[in-house]
Amino acid sequence: MKLVTSQQVVSAGGPAPPAGVFTLLTVRPVARQEAFSAVSSCGGSRRQSVRIEEEPRDERTGMAFNKRNGGPPFGGLSQAKRGKMSGEWEDSPSQFEEELLMLEEAEMEMEEMESQAGHDVIPVGDLFSANLNPRWPRPHAPTLNPSSDTLVFQQIDLDYYLGASVAGMPGQSQGKVPIIRMFGVTDNGNSVCCHVHGFAPYFYVPAPNGFKSEFLGEFKRELNSAVLKDMRSNKDNISVTVLAVDITRKENMYGYHGQQSMDFLKITMAMPRLIAPAKRLLEQGFKFGPFAIQGYQSFEANIDFEIRFMVDSNVVGCCWIELPKGKWRLREERSTGDVDSQNPAKVSLCQYEVDVAWTDLISHPAEGEWQRIAPLRVLSFDIECAGRKGIFPEPDKDPVIQIASMVQRQGETEPFIRTVFTLQSCASIVGSQILCFTQEKQLLQSWAEFLRTVDPDIITGYNIQNFDFPYLLNRSSSPEGDLLSMGRRENKTINMEGRVQFDLLQVLLRDYKLRSYTLNAVSFHFLQEQKEDVQHSIISDLQNGNEQTRRRLAVYCLKDAYLPLRLLQKLMCVINYMEMARVTGVPLSYLLSRGQQIKVVSQLLRQAVKQNLVMPVVKTEGGEDYTGATVIEPEKGYYSVPIATLDFSSLYPSIMMAHNLCYTTLLQKGSAERLQLASEDFIKTPTGDQFVKSSVRKGLLPEILENLLSARKRAKAELKKETDPFKKQVLDGRQLALKISANSVYGFTGAQVGKLPCLEISQSVTGFGRQMIERTKQLVESKYTISNGYQADAKVIYGDTDSVMVKLGVATVKEAMEVGREAAEWVSSHFTPPIKLEFEKVYYPYLLINKKRYAGLYFSSSADTHDKMDCKGIETVRRDNCPLVANLINTCLQKILIDRDPQGAVDHAKEVISDLLCNRIDISQLVITKELTRTAQEYAGKQAHVELAERMRKRDAGSAPNLGDRVPYVIIKAAKGAAAYMKSEDPIYVLENNIPIDTQYYLEQQLSKPLLRIFEPILGESKAESVLLKGDHTRCKTVLTSKIGGLMAFAQKRSTCIGCKAVLKTDSAVCDFCKKKESELYQKEIFHLNTLEERFSRLWTQCQRCQGSLHEDVLCTSRDCPIFYMRKRFRKIWMIKASWCLALDGEEGTKPRLCFCCQL
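Throughout, my numbering is defined as the position within the sequence shown, counted from one, plus 231.
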């Protein structure tokens, strides 16, 4: 078997094995010692080995998602040059390829070193040699001496496993013990796996009255016996479940108890999974010694083991860990079977693998020099599969034909590895390495080896979590994936410890609200850049073509791997998430897979430990609701004077700090009298709840919020001074994480189904908020009056949650800014610090439509130029309308607000309505998208997008929408009275079959209400409807004739005259009356035909530019792109016109002679 350059192929002899021959197996770290020498890992986890096993034989090769090994250095600049000189390219480089060429030129010297190291034929054994691929492996790891060297690394992933105890390390010495494992990277880019020993899980219960230390042994024995009896199976042969029981003085966090601590029993268990049964047995009723049976409330029994460790050892997510000299041990690789409990062998492929006691490691807070980020390796990849006609690729039948990979170091701007693994030969791609194989098995194994060699810390891509990784695993017949539900989507999880899976699609779904989540739509939204969108049904044709068609597919695959890296960089996703992990103290992986509450729990526990408090376990039940924020009734209208907006800075956090609202300060009913508190020692909130003042006890939550907001202030100050672009990104991500964390504390207390809900806190916060908004209105309107020397009487025209909009009666934006700042400062003096009202912005002009619906020109940084046109709650930002609505409303608002031309806006709206009714609006503007959140059976009523998805599935299951997708549809004409769900149809199907659009539906159900909302404040309610929705512009309508439908089955096709449309009795193109002007009609149709050809050619060229080539067919089928629909429509119209011209030519019945573009 050999591997050659991209113009040659790997030859292994014989046909490719059938799908399903391979089996992926998982080898846990503790079992790796037996299998290590025989198994090559599959690239996924750094500690876990996944392999391909050929079932008929016993020999094992490796496709795994585990460790580190690479791929060959072929392609590259030298290969691109050879391809170009030998005339292999039939096309000039695309824009994307030019980007690759620029990257290649920047790396010229290193690339030449690599290309000169290779030969035309390289044995597979040398394929991943560091000499041949100097960039693929990590930097060489210097030799370290634990007794004299300190090891410092940035921790990026943290988990635990059950393993054998290590001699000399603290903790239990017999049986399996929980071991924390941290994966990280040093400043030099070397990988580290650190096994942390000696930490055991524990929880608390209150000690019963009269409990003394002599009862500890009996309590431990009885609980140990009860837990052992409760176990259904004891596969781990556990004999000791309870390691220790100690008496400790703690205070319950929930409620103010006069700062009186009490005795708690700290119960230390052997394994994390044993806490749940022990907690249940104690709560149900437990008897020991002289104490009668009684139930015990548990405290901190619902804390994740990783979080428990991180809190107790002061470790936060993505922080820097230091292992002092003489305190750690270095593991070494040893042969299989050589077991030594004193010095265990390596079980991962990290460059450094070490053991340390949990009390010996040092965690550095993310401040100063410890804010830096290690040179993490980020791999983005994309796979292409060869599906069958009309069927979406299935892993048990359809092979993987290409895998594109790009690797970039965090902090750098461009990938330093760009490679494509492809089945069959492929023409060269400038700036990229092409690896060609004859068998899929070799391709998968080599990519797995490449993954292990490159050894990424973060793996990204687009929908890799639910498609690429599961497909690769299922293709290798491995049951490694699990299903979980996140929101309303079904998600899959892949076991890949040591590498963070950063699926960009999941990040965007969590953090952004977009109309469409296809990679094409997302790239255009954030990068203003589109890509060619190749339908899965065409991929097989490209693969079965020649080297050039496979090259085109490879470029497409590379682009799909490149764009996620660009988007990660643009949106600062990795940096922002890392800073959030540092701020909240949770592992990075938790932020991608867990909800919001775990972040607050982590912060709450850290502060509780400092104050010797314990957190109770509360049974989560849906509780009663409470009144939310107040909304001052808006005074609707169009304001041509400046409107100042005053905003409370961090309103809910500042309320909690100002009034000391916390679990620890809450007074239960009767507590004030029982604790003999004076009236000045506590406050009564607007909702009637009572909390002690900070002079009696400073609350836990206010302290957390003070720390977060002061840290944000410091980060923003450092951000202003910083000049390094990468450090500025880190600081910006940090201040954003601190802001989000502060705002989430209130939500944590209000979550009725949560870890620690507290209705008294949440309803008191909103109560104070309502009171403050009303008080602000009163203060502003009482001071800023003509009688007090101001130009006019101020009027609050709207208020919502944390801000008020004030008409100050001044003429200019500058004056509004000056008075607004003065008003904010004066009102702030009437509230308890740190509550602060700030001047935020000026709207001029301002259109107030209704509650939470308004628009205006936003002035903040300068009084002379508006920053943007700000719209809230109206159809320019809503996703459940067709694009026509957003475009029309946006244009009307621009004419009203920017041009100050309301009549021009009315005229434009009437023109668009006329175009809609006359069928002159492109179908791309009428597409509505809605998310398919449930199956058809789970919906209470019939939904348009759900019914369409079912119909599409019957037509073509391969292209039908899946659960979680956004379904595009248009509303078509149907029988009178037909329900909307019966009228939904696929836009492409509508174009192909000439189905008429229900324009009246779009006018009445889509356009009318949004238009009336923005014009009623200007024209008046009655006049707006009569002017916009009635009149001459609504009387002319054009309706297409459908090719399909029940009526068409009975219709008889008749030829009509091209000139006067009269029914023809002969086969001629025109009637006898129009015969005399046949020449004129011919010229007219030719002119129309040429116009259509020109418009279609422009659309075609635009698509070619988008795909990056003016010399190749356009294959793109992106339904998010209006050009795609226009191209389809114009081609159809051209075909009709061409047939007319042929009829006039006397060639009726012959196929139109298409141009090159239309022949496609």
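C-beta atoms are modelled at their ideal positions from N, C-alpha and C, and glycine is treated no differently.
Asked: For residue 392 and residue 470, the rounded distance between their alpha carbons; Found: 19 Å
Asked: Candidates 885, 522, 959, 1229, of which the one nearest residue 604 by Cα; Found: 959
Asked: Assigned secondary structure, residue 428 (DSSP; H/G/I helix, E/B strand, else coil); Found: strand
Asked: Three-way DSSP call (helix, strand, coil) for residue 1298 in this model; Found: coil
Asked: Per-residue DSSP class, three states only, for residue 616; Found: strand
Asked: Local conformation of residue 281 per DSSP, three classes; Found: Confidence at residue 281 is low in this model, with a pLDDT of 30, below 50, so its placement is unreliable and no value can be given for it.
Asked: Candidates 808, 610, 786: closest to residue 797 by CA position; Found: 610
Asked: Beta-bridge partners of residue 1172, as assigned by DSSP; Found: Residue 1172 is not bridged to any residue.
Asked: Limits of the alpha helix (DSSP H) - the one that residue 992 falls within; Found: 990-1014
Asked: Inter-residue Cα distance where the pair is residue 489 and residue 839; Found: 16 Å
Asked: Cβ-based neighbour list, residue 733, same chain, cut-off 6 Å, excluding 5 preceding and 5 following; Found: 689, 691
Asked: Neighbourhood of residue 1176 by C-beta distance below 7 Å, restricted to the same chain and skipping five residues each side; Found: 1161, 1163, 1198, 1200, 1215
Asked: DSSP three-state assignment for residue 547, whether helix, strand or coil; Found: coil
Asked: Helix, strand or coil at residue 392 according to DSSP, with G and I counted as helix; Found: strand
Asked: Residue 583 beta carbon near the ligand GDP (any heavy atom closer than 7 Å); Found: Although the ligand GDP was asked about, the structure shown includes no ligands whatsoever.
Asked: Assigned exposure category for residue 566 - 16 Cβ within 10 Å defines buried; Found: exposed
Asked: CA nearest to the CA of residue 1113, picked from 1232, 948, 698; Found: 1232
Asked: Continuous alpha helix (DSSP H) assignments of at least 4 residues falling wholly in the segment 751-784; Found: 767-774
Asked: Own chain residues within Cβ distance below 8 Å of residue 1262, not counting five before or after; Found: 1141
Asked: Helix, strand or coil at residue 786 according to DSSP, with G and I counted as helix; Found: helix
Asked: Assumed close pair residue 1203, residue 1221 - CB separation to whole angstroms, cut-off 8 Å; Found: 6 Å
Asked: Same chain only: Cβ atoms within 6 Å of residue 927, ignoring 5 sequence neighbours per side; Found: 912
Asked: Nonlocal neighbours in the same chain, by C-beta distance under 6 Å from residue 564, ignoring five residues either side; Found: 577
Asked: Backbone CA spacing between residue 1455 and residue 507 [nearest angstrom]; Found: This structure does not reach residue 1455, given that the chain is present from 232 up to 1391, and the question cannot be answered.
Asked: Close-in-space but distant-in-sequence residues of the same chain around residue 475 (CB under 6 Å, 5 per side omitted); Found: 499
Asked: Within 8 Å, strictly: CB atoms of residue 616 and residue 743; Found: no
Asked: Residue span of the alpha helix (DSSP H) that contains residue 701, given as start and end; Found: 700-706
Asked: Straight-line gap, residue 487 to residue 1105 (C-alpha atoms, nearest Å); Found: 46 Å
Asked: Residue from 377, 601, 948 whose Cα sits closest to the Cα of residue 558; Found: 377
Asked: Continuous beta strand (DSSP E) stretch holding residue 1081: start and end; Found: 1068-1081
Asked: Close-in-space but distant-in-sequence residues of the same chain around residue 731 (CB under 8 Å, 5 per side omitted); Found: 387, 388, 688, 689, 690, 819, 820, 823
Asked: Continuous beta strand (DSSP E) stretch holding residue 1162: start and end; Found: 1159-1162
Asked: Distance, residue 939 Cα to residue 966 Cα; Found: 9 Å
Asked: CB of residue 435 within 8 Å of CB of residue 518, strictly; Found: no
Asked: Secondary structure of residue 1151, DSSP reduced to three states; Found: coil
Asked: Backbone CA spacing between residue 803 and residue 964 [nearest angstrom]; Found: 8 Å
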